[in-house]
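See structure below.
In our numbering, the protein residues as written are 1 to 387.
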């Protein structure tokens, strides 16, 4: 095993380094002896620091070795395991009792059921990965009339605060009413806050005009395909099924005595970690595109495999390592989807291209497995035929 050997070598090196200060302090001169006796505290401190570092290396290596072994004990994945159609087939097979480790179908009721525990469950992971910085960056790209789809419990909302001058109106949507109620409680400072779900803010202070509404963006995208040629606004109105209950209906913020009513024609559509949970992400992206004004922008922050339509893997310094990461994502995706409803091994850039969008800018984080995409509707000549 490579990892245990590496751990032993690291421990030996750090132990050897911990002895160096003591060896340097040994001298027969009275001045050196006085210095050595006075520096004993520094020696002990250095040993403590190096000992702590050694323990960290050992524990981190053991943790990594455990997970590497666990991942590679899972069944090998098919080459097309990242394709949504293949994942849908696994879901159908699981529903028929023949899917083995495939994820069960995730319905709106599934997300309703996990709404209460979601923030506490993912909060520490997001903190460790620094995802609050990425969420802040995404919110900073939103301008004008803004729509956030698959908003979940509203983990982005705190980052819109203080941007009234740049954001004319913010519409927050999800297909799960329980998730959306948590988002409402977060911005209103109510009971929806968990210990790891962000700052929560202080009510509506500093927030742009808000609306919360239930939207199934995948169904909207399919409707767009069926009703090509109709106005985006009309389709947008059809996609907003209903406001999420009377409490959320009252959340519409009034400015200068006028109530904001926004159903389509958005300057920015935002989606963070939503594509992985959509049964048909290409239709979902088309639904988002159908709600953009001409010249509007789609901003995505998603989980995904290393590679993509833009050829990321071609310049990846460690191509073999990228392949291993993708294989690990493919092997663990069914279990992750079963727990969280998220297929985290999809090729985000490829899905963006299939939906008739053009990526203006793509940035990747966490060894390439978190991707931030700024996209616009592609010209007809640029569009990739659907597979």
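All residues carry an ideal CB built from backbone N, CA and C; glycine is no exception.
The structure displayed is predicted, hence computed values, not measured ones.
Expressed to the nearest angstrom, what Euclidean distance is found between the alpha-carbon atoms of residue i and residue j?
i: residue 365; j: residue 371; result: 6 Å
i: residue 187; j: residue 161; result: 10 Å
i: residue 369; j: residue 306; result: 6 Å
i: residue 130; j: residue 341; result: 22 Å
i: residue 79; j: residue 168; result: 45 Å
i: residue 408; j: residue 275; result: Residue numbering for the chain in the displayed model covers 1 to 387; residue 408 lies beyond these limits and cannot be assessed.
i: residue 170; j: residue 156; result: 12 Å
i: residue 143; j: residue 360; result: 16 Å
i: residue 290; j: residue 283; result: 10 Å
i: residue 140; j: residue 321; result: 32 Å
i: residue 287; j: residue 219; result: 8 Å
i: residue 75; j: residue 206; result: 50 Å
i: residue 179; j: residue 268; result: 22 Å
i: residue 351; j: residue 217; result: 15 Å
i: residue 194; j: residue 118; result: Caution applies to residue 194, whose pLDDT of 41 falls short of 50 and renders its modelled position unreliable; the model cannot decide the point.
i: residue 184; j: residue 136; result: 19 Å
i: residue 208; j: residue 327; result: 43 Å
i: residue 373; j: residue 272; result: 10 Å
Whose CA, out of the options, lies closest to the CA of residue i?
i: residue 122; options: 154, 288, 219 and 213; result: 154
i: residue 324; options: 276, 46 and 345; result: 345
i: residue 339; options: 50, 110, 82 and 57; result: 110
i: residue 301; options: 380, 158, 133 and 208; result: 133
i: residue 214; options: 270, 152 and 44; result: 152
i: residue 265; options: 178, 146, 204 and 93; result: 146
i: residue 348; options: 304, 384 and 113; result: 304
i: residue 354; options: 165, 273 and 221; result: 221
i: residue 270; options: 226, 59, 149 and 57; result: 149
i: residue 376; options: 357, 77 and 115; result: 357
i: residue 280; options: 292, 329, 223 and 163; result: 223
Note the first and the last residue of the continuous alpha helix (DSSP H) segment covering residue i.
i: residue 131; result: 131–140
i: residue 401; result: Nothing about residue 401 can be read from this structure; the chain reaches only from 1 to 387.
i: residue 475; result: Beyond the ends of the chain as shown, which are 1 and 387, falls residue 475; an answer cannot be given.
i: residue 181; result: 177–188
i: residue 353; result: 348–354
i: residue 211; result: Not the alpha helix (DSSP H): residue 211 falls in the beta strand (DSSP E), residues 210–215.
Starting from residue i and walking both ways along the beta strand (DSSP E), at which residues does that stretch end?
i: residue 144; result: 144–149
i: residue 167; result: 167–174
i: residue 374; result: 370–377
i: residue 80; result: Counting along the chain, residue 80 falls outside any beta strand (DSSP E), and DSSP gives it neither H nor E.
i: residue 272; result: 266–272
Original post:
Do the region 71–90 and the region 333–353 make contact, defined as three or more Cβ pairs closer than 8 Å?
Top reply: yes
Subject >> Inter-stretch contact at 8 Å, needing at least 3 Cβ pairs: the region 289–299 / the region 173–184 >> reply: no
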